[in-house]
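Notes for the one structure printed next.
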Amino acid sequence: MKFRPCIDLHDGQVKQIVGSTLTDSSQGLRTNFSSDRPSSYYADLYRRDCLTGGHVIKLGPGCDPAAIEALQAYPGGMQIGGGITADNAGFWLDQGASQVIVTSYVFQSGRLLIDRLTDLVSRIGRERLVLDLSCRKRGDAYYVVTDRWQNFTEMTIAAPTLAYFAEFCGEFLIHAVDVEGKCAGIAEDLVVSLGEWTPIPTTYAGGVKNLADLDKVKTLGRGRLDVTIGSALDIFGGTGISYQEAVAFNRLQEGL
27 MKFRPCIDLH DGQVKQIVGS TLTDSSQGLR TNFSSDRPSS YYADLYRRDC LTGGHVIKLG
87 PGCDPAAIEA LQAYPGGMQI GGGITADNAG FWLDQGASQV IVTSYVFQSG RLLIDRLTDL
147 VSRIGRERLV LDLSCRKRGD AYYVVTDRWQ NFTEMTIAAP TLAYFAEFCG EFLIHAVDVE
207 GKCAGIAEDL VVSLGEWTPI PTTYAGGVKN LADLDKVKTL GRGRLDVTIG SALDIFGGTG
267 ISYQEAVAFN RLQEGL
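Using our numbering, you'd call the opening residue of the sequence shown number 27 and step up by one each time.
What follows is the structure, encoded as structure tokens:
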């Protein structure tokens, strides 16, 4: 298990947003943090601390220049997500992304577009694709959500679902949308399920508020899940956990 860093971009700026409030309009948007530093500052920080497998997420239009700047500051060190399609995936890999992250492109009206998924895999290869299966809870189940996490698909997070999609990608990225950005604790039931079911490397995101939550993800997820932290980190204006503590957590896991 390890901590994976992130760079979330909105309107071309590094921000931390409560994900469930992100829609096509700015109404109701809750922003926890807006940085006055360029995206490359964070990417270079992660590069210097040898943090791998992190991601750059474009949350809407106007983010391409900042995304390219981050990727070129840490070539091969970060994944890229947000508006990725079969037609532009190669471009983003050429800009320095280690992998591309896709969700909405392979779903439409709540249903999987298998032709799009297989076409994407044929163009870039399974190992260069990360499927974002971020989810929201409805009843007793977690459903994959798309289109800025506003639309429910028919797909639930379950062992057969993960086994099926693992045939098409190298990793999963899964945000617990209901708790994401709130720094109020992880979705423990989802972490338990992912730790039991996932057959490939998986990064969990959502609700981490302190070091104890990192240990909780490690325990509940059987050491099989990596974790990303956003709003709780001091480099993003948080008070729950310092960036250096997160880096030290990784060093401890690596036995260094």
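Using N, Cα and C, we set each Cβ at its ideal position, and we do this for glycine too. Keep in mind that this is a model prediction, so the values were computed, not measured.
Alpha carbon to alpha carbon, how far is residue i from residue j?
i      : j      : result
Val147 : Gly103 : 21 angstroms
Cys32  : Gly249 : 20 angstroms
Tyr168 : Ile183 : 6 angstroms
Ile226 : Thr254 : 17 angstroms
Val6   : Leu246 : This structure leaves residue 6 out entirely; the chain is present only between 27 and 282.
Thr179 : Tyr230 : 19 angstroms
Gly88  : Gln39  : 9 angstroms
Ile224 : Leu188 : Reading off the sequence shown, one finds Thr at residue 224, where the question assumed Ile. Spanning the two alpha carbons is a distance of roughly 6 angstroms.
Ser51  : Arg174 : Legend: pLDDT at Ser51 = 47, less than 50; position of this residue unreliable, no value from coordinates given.
Asn58  : Asp215 : 25 angstroms
Gly346 : Ser135 : Since the displayed the chain opens at 27 and closes at 282, residue 346 lies outside it and no answer follows.
Ile200 : Thr228 : 7 angstroms
Phe198 : Asp62  : 31 angstroms
Ser160 : Ile83  : 13 angstroms
Gln105 : Tyr269 : 20 angstroms
Lys242 : Glu271 : 16 angstroms
Asp145 : Asp158 : 17 angstroms
Phe117 : Asp70  : 21 angstroms
Ile94  : Gly86  : 15 angstroms
Tyr68  : Leu240 : 21 angstroms
Asp120 : Gly107 : 14 angstroms
Asp166 : Pro186 : 17 angstroms
Val156 : Gly79  : 11 angstroms
His81  : Arg154 : 13 angstroms
Considering only residues of the same chain and omitting the five flanking positions on each side of residue i, which have a CB-CB separation below 6 angstroms?
i      : result
Val205 : Ala213, Gly232 and Gly233
Asn276 : Lys28 and Phe29
Val273 : Asp75
Ile150 : Ala115
Val132 : Leu139, Arg142 and Leu143
Ala92  : Leu35, Gly38 and Ser65
Gly122 : Leu97, Gln98 and Pro101
Leu77  : Pro31
Ala112 : Asp145, Leu146 and Arg149
Apart from the five residues just before and just after residue i, which ones in its own chain have a Cβ nearer than 8 angstroms to its Cβ?
i      : result
Arg73  : Ala99, Tyr100 and Gly103
Thr265 : Ala258
Asn177 : Gly136 and Val171
Val203 : Gly45, Ser46, Ser160, Cys161, Arg162, Val171, Trp175 and Gly232
Is there a Cβ from chain C that is less than 8 angstroms from the Cβ of residue i?
i      : result
Ile110 : In summary, chain C is missing from the structure at hand, where a single protein chain is found.
Skipping 5 residues on each side, what residues in its chain have a beta carbon closer than 7 angstroms to that of residue i?
i      : result
Gly256 : Cys32, Asp34, Gln42, Gly207 and Phe262
Ala360 : There is no way to answer for residue 360, as the model of the chain reaches only from 27 to 282.
Leu220 : Ile200, Thr228, Tyr230, Gly247 and Leu251
Gly109 : Lys84
Ala192 : Pro225 and Ile226
Arg152 : Phe194, Cys195 and Gly196
Ser60  : Gln39 and Lys41
Which one or two residues does DSSP pair with residue i in a beta bridge?
i      : result
Arg137 : Gln134
Met104 : Gly80
Ala231 : His201 and Thr254
Ser60  : Lys41
Ile110 : BP columns for Ile110 are empty, so no partner.
Phe29  : Val253
Asp75  : For Asp75, which the question treats as bridged, DSSP gives no partner whatsoever.
Any alpha helix (DSSP H) of 4 or more consecutive residues that is wholly inside the segment 140-190: 140-150
Please confirm if the segment 128-141 is in contact with the segment 90-101, defined as three or more CB-CB distances below 8 angstroms between the two stretches. no
For a minimum of 3 consecutive residues, which ranges assigned as the beta strand (DSSP E) are wholly contained in the segment 189-216? 197-201
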